[in-house]
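2 protein chains.
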Amino acid sequence: MSSPMRIGIAGLGTVGIGVVKLIRKHARDLERRSGRKVEIVAVSARNRKKVRGIVLSGYEWVKDPLDLVNNPDIDVIVELIGGSEGVARDLVTAALMAGKHVVTANKALLAHHGHELALLADKQKVSLCFEAAVAGGIPAIKALREGFAANDIQAVRGILNGTCNYILTNMRESGRDFRDVLKEAQAKGYAEANPAFDVDGIDAAHKLALLTALAFGIKPDMDSLETTGIRHITASDIAHATELGYRIKLLGLCRREGTRLIQSVEPCLVPEQSALGGVEGVLNAVQVRGDFVGQGWLVGRGAGEGPTASAVVADLIDIARGHRVPVFGIPARQMKVGNFASTDILEGHFYMHVVVRDQPGVLAQIAAILRDHKVSVEAVLQRGRDPGKPVSIVMTTHKVKQADMRRAASKISGLSLVKGKPCLMRIEQD
Amino acid sequence: MSSPMRIGIAGLGTVGIGVVKLIRKHARDLERRSGRKVEIVAVSARNRKKVRGIVLSGYEWVKDPLDLVNNPDIDVIVELIGGSEGVARDLVTAALMAGKHVVTANKALLAHHGHELALLADKQKVSLCFEAAVAGGIPAIKALREGFAANDIQAVRGILNGTCNYILTNMRESGRDFRDVLKEAQAKGYAEANPAFDVDGIDAAHKLALLTALAFGIKPDMDSLETTGIRHITASDIAHATELGYRIKLLGLCRREGTRLIQSVEPCLVPEQSALGGVEGVLNAVQVRGDFVGQGWLVGRGAGEGPTASAVVADLIDIARGHRVPVFGIPARQMKVGNFASTDILEGHFYMHVVVRDQPGVLAQIAAILRDHKVSVEAVLQRGRDPGKPVSIVMTTHKVKQADMRRAASKISGLSLVKGKPCLMRIEQD
Numbered sequence: 000m001s002s003p004m005r006i007g008i009a010g011l012g013t014v015g016i017g018v019v020k021l022i023r024k025h026a027r028d029l030e031r032r033s034g035r036k037v038e039i040v041a042v043s044a045r046n047r048k049k050v051r052g053i054v055l056s057g058y059e060w061v062k063d064p065l066d067l068v069n070n071p072d073i074d075v076i077v078e079l080i081g082g083s084e085g086v087a088r089d090l091v092t093a094a095l096m097a098g099k100h101v102v103t104a105n106k107a108l109l110a111h112h113g114h115e116l117a118l119l120a121d122k123q124k125v126s127l128c129f130e131a132a133v134a135g136g137i138p139a140i141k142a143l144r145e146g147f148a149a150n151d152i153q154a155v156r157g158i159l160n161g162t163c164n165y166i167l168t169n170m171r172e173s174g175r176d177f178r179d180v181l182k183e184a185q186a187k188g189y190a191e192a193n194p195a196f197d198v199d200g201i202d203a204a205h206k207l208a209l210l211t212a213l214a215f216g217i218k219p220d221m222d223s224l225e226t227t228g229i230r231h232i233t234a235s236d237i238a239h240a241t242e243l244g245y246r247i248k249l250l251g252l253c254r255r256e257g258t259r260l261i262q263s264v265e266p267c268l269v270p271e272q273s274a275l276g277g278v279e280g281v282l283n284a285v286q287v288r289g290d291f292v293g294q295g296w297l298v299g300r301g302a303g304e305g306p307t308a309s310a311v312v313a314d315l316i317d318i319a320r321g322h323r324v325p326v327f328g329i330p331a332r333q334m335k336v337g338n339f340a341s342t343d344i345l346e347g348h349f350y351m352h353v354v355v356r357d358q359p360g361v362l363a364q365i366a367a368i369l370r371d372h373k374v375s376v377e378a379v380l381q382r383g384r385d386p387g388k389p390v391s392i393v394m395t396t397h398k399v400k401q402a403d404m405r406r407a408a409s410k411i412s413g414l415s416l417v418k419g420k421p422c423l424m425r426i427e428q429d
Numbered sequence: 000m001s002s003p004m005r006i007g008i009a010g011l012g013t014v015g016i017g018v019v020k021l022i023r024k025h026a027r028d029l030e031r032r033s034g035r036k037v038e039i040v041a042v043s044a045r046n047r048k049k050v051r052g053i054v055l056s057g058y059e060w061v062k063d064p065l066d067l068v069n070n071p072d073i074d075v076i077v078e079l080i081g082g083s084e085g086v087a088r089d090l091v092t093a094a095l096m097a098g099k100h101v102v103t104a105n106k107a108l109l110a111h112h113g114h115e116l117a118l119l120a121d122k123q124k125v126s127l128c129f130e131a132a133v134a135g136g137i138p139a140i141k142a143l144r145e146g147f148a149a150n151d152i153q154a155v156r157g158i159l160n161g162t163c164n165y166i167l168t169n170m171r172e173s174g175r176d177f178r179d180v181l182k183e184a185q186a187k188g189y190a191e192a193n194p195a196f197d198v199d200g201i202d203a204a205h206k207l208a209l210l211t212a213l214a215f216g217i218k219p220d221m222d223s224l225e226t227t228g229i230r231h232i233t234a235s236d237i238a239h240a241t242e243l244g245y246r247i248k249l250l251g252l253c254r255r256e257g258t259r260l261i262q263s264v265e266p267c268l269v270p271e272q273s274a275l276g277g278v279e280g281v282l283n284a285v286q287v288r289g290d291f292v293g294q295g296w297l298v299g300r301g302a303g304e305g306p307t308a309s310a311v312v313a314d315l316i317d318i319a320r321g322h323r324v325p326v327f328g329i330p331a332r333q334m335k336v337g338n339f340a341s342t343d344i345l346e347g348h349f350y351m352h353v354v355v356r357d358q359p360g361v362l363a364q365i366a367a368i369l370r371d372h373k374v375s376v377e378a379v380l381q382r383g384r385d386p387g388k389p390v391s392i393v394m395t396t397h398k399v400k401q402a403d404m405r406r407a408a409s410k411i412s413g414l415s416l417v418k419g420k421p422c423l424m425r426i427e428q429d
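Quick note, the sequences are listed as chains X and Z, same order. Residue numbers 0 to 429, in numbering that gives the first Met the number 0, belong to the letters of the first sequence in order. Residue numbers 0 to 429, in numbering that gives the first Met the number 0, belong to the letters of the second sequence in order.
As structure tokens, then:
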């Protein structure tokens, strides 16, 4: 029997407490599976007095998380503080420098500093694992880094933010507007008091940057990532999409387009009956297309105490088993800068919703603009024929270049009879 | 840079050729990902003259696959011969004895001799990997052995045979009967000339036995596995299930029930909108429920050259990376004999389809039998009111013990007005 693997945990929020509970509950199984005892040596959090519902007196309490690094009894640091800078970054850097393995759930940190940290981990010959950073309980990182490693990956798509998926699902089921549903989600604890990180797509973008890096062997690159959130989606968009047989999902997407890559986070329409169309509520999904494996996908709970702790401890088991894989699947010094293009080069069918004043000629004006931009209309729905009241015009298009579609929508937006900005979303087929 | 990893491939059918193609096409990527060159040294197959569509002259051709073991230049044996006995078993045993790693797609071999081979692999400190044996391109073995390793697994359910799923999907879409669709599947190459292995559930049972072993840390046990195929499913069963909002799937299922385990392969009804209900055609799926992670599932192509080769080479990359995990996730000597119970102890809702002669009193007779067995009916459909012609009675039940339901069905089967055997299937909720 090998010596125990001794860990220090920094951050005792929901996930940290989940990790402690899991390691305690499954101590014997973890030992069987990893061939070593997994022991918590010390813990650290900002507030020692906070009521956490579990007894922590068996572990050394460390005020400054950096002291975990200095403790020679600790082999692995579990970083659950969060944030791309500050304590979390200092801690992970110091731990790697000290030759300790690191397990983290910190997507922001890795999305911004992943390559530099991977270089350090390689140099020190230690693991930097982040299964918990993307899609919680779903072993998506492992799938891309190992399970699908024999493939040339062509595309990855994911529903990566449970809060947004919960809000969009709830809007569809209840017919209510974004603000209403967001408020309820906040009351229930499914959304933060400041929801920007989730509903503006930033959280999903951090996760996508990591998936892109893994899929294509490139450095995580937040700057080349176009991000659109879901605040502008209205109850009527949801209703129209449903009527057309689609569901609206905030999709993270990275894809090879010729010699270039595109990556974006944006709400899209997906067919109701498709793999991603059926992923509802707080569930997350990651779909991968590889040249040999074809299309495969993984679905599960993306957040919360249990699923995230499950992912953190899976990483710990890997480390205990002596399983060391480069952080992003290839040696960090071989990771290239991605050759990214704007999503303007994508081709696809589109959904567009325009609210207009109901006057003769408005449809003709819109149609003329579409024609001038080579946009061919597939179907039109017109709603709300209350004289004098605004009217919704909803259309889907045949295949068109995203750049042309955007230009057309922008022109349409400038028409005097058009109220507000048209809502434009790409339709993503399976 | 480490020394190359040198492999010998035994069996050059669809999968073997796929592996050769993949290793050639992605040589550079495999080297980047595993840190070593992956080189094919020698190959072996029964018929050297068979046209295989690729050039094999660069590899040593070995007539007797056992000679691959004697070749000191070979580090890893890839066994793609198949079958639970004979050459495949001899080859894998000899390879492990010689201290060579083994990658295999052979579910039958591992379902029958998995424990004994795992003991040998542990003793020799080599890997015995079988990702390709279950659900082809889906990294289900890795997910259970590593991704979900922090959990107490409560249940695994899977759609594990693409041929059956293709036939059932096609029956639903076309309204045709089993025999018709099977014939077409055979003509298209989706089903073997002798389809028994697939349609009688044996192939799915082999795969399930491996998932059960991984999930619960027990020895693969084909003897405790109740297996029912899909030959008896009629077009009208499919139509009734569809009308009730369900789809019929051949499910492999293992589950903790108190201190005991059950495992079975049998056709079940699943809600059309559920995770498994949406898995159609040749797709496979594996759904796992763990105490921390909750429910998660993986979907993808279960067979064919590309997906299976992808799985074989993923195992090769793991070995090249030096990743060694016990064959079934825990040391083989710690694997116990499973404490299995019959599926009779399961409780569930049931679907029953009885064909009767249309005479007064038949429904009363059936109802009386159900009452005597404590089976409470939820819904009844009666069809085919052509005087003198047989009538279909379809019912779904409230929750009832499978043993009681089976006894009732068997009694009903004995009624003189009942034609043939009632078709009884459990309804599996998410």
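Every residue, glycine too, gets a C-beta built ideally from N, C-alpha and C.
Residue-level contact to chain X via CB, residue i, 7 angstroms cutoff
i: Z/L181; result: no
i: Z/Q364; result: no
i: Z/K36; result: no
i: Z/K248; result: no
i: Z/N160; result: no
i: Z/R27; result: no
i: Z/W60; result: no
i: Z/L345; result: no
C-beta neighbour in chain Z for residue i, strict 7 angstroms
i: X/I392; result: no
i: X/K436; result: Residue 436 of chain X is absent from the structure shown; chain X starts at 0 and stops at 429.
i: X/V18; result: no
i: X/Q333; result: yes
i: X/K122; result: no
i: X/A132; result: no
i: X/N164; result: no
i: X/K187; result: no
i: X/A308; result: yes
i: X/N150; result: yes
i: X/I137; result: yes
Local Cβ density within 10 Å of residue i, reported as buried at 16 or more and exposed below that
i: X/R425; result: buried
i: Z/H397; result: exposed
i: Z/M96; result: exposed
i: X/N150; result: buried
i: Z/A378; result: exposed
i: X/G146; result: buried
i: X/P359; result: exposed
i: X/T258; result: exposed
i: X/K373; result: exposed
i: Z/W60; result: exposed
Of the residues the options, the one placed nearest residue i, counting alpha carbons only
i: X/E21; options: X/G34, X/I39 and X/G10; result: Checking the displayed sequence, the identity of residue 21 of chain X turns out to be Leu instead of Glu. Of X/G34, X/I39 and X/G10, the residue nearest in Cα terms is X/I39.
i: X/I137; options: X/D314, X/A363, X/L423 and X/H397; result: X/D314
i: X/E172; options: X/V354, X/A308, X/A240 and X/M334; result: X/A240
i: X/I368; options: X/I201, X/I76, X/G161 and X/A408; result: X/A408
i: X/S450; options: X/H25, X/K24, X/G34 and X/V19; result: The structure shown has nothing for residue 450 of chain X, since chain X only spans 0 to 429.
i: Z/A154; options: Z/N164, Z/R288, Z/K36 and Z/L65; result: Z/R288
i: Z/G303; options: Z/F147, Z/G81, Z/G57 and Z/G161; result: Z/G161
i: Z/K99; options: Z/N69, Z/G347, Z/A87 and Z/T227; result: Z/N69
Proximity test, residue i beta-carbon vs the ligand SAM heavy atom, cut-off 6 angstroms
i: Z/L275; result: Only the bare structure without any ligand can be found here, which leaves the ligand SAM out of the picture.
Opposing strand residues paired with residue i [DSSP bridges]
i: X/E172; result: Its beta-bridge partners do not exist; DSSP assigns none.
i: X/V361; result: According to DSSP, X/V361 bridges with nothing at all.
i: X/S391; result: X/V354 and X/R382
Residues, ordered as in the chain, of the stretch 310 to 325 of chain Z that lie near chain C by beta-carbon distance below 7 angstroms: Here the protein chains are X and Z, and chain C is not one of them.
Can you list the beta strand (DSSP E) stretches of 3 or more residues lying completely in the stretch 38 to 90 of chain X, in chain order? 75 to 78
Hey, which unbroken runs of the beta strand (DSSP E) at 3 residues or more fall wholly within the stretch 276 to 344 of chain Z? Secondary structure within the stretch 276 to 344 of chain Z: the beta strand (DSSP E) runs of 3 or more consecutive residues, fully enclosed, are 282 to 289 and 293 to 300 (chain order).
At 4 residues or longer, and completely inside the stretch 180 to 252 of chain X: list those alpha helix (DSSP H) runs for me, N to C. 195 to 198, 201 to 215 and 234 to 242
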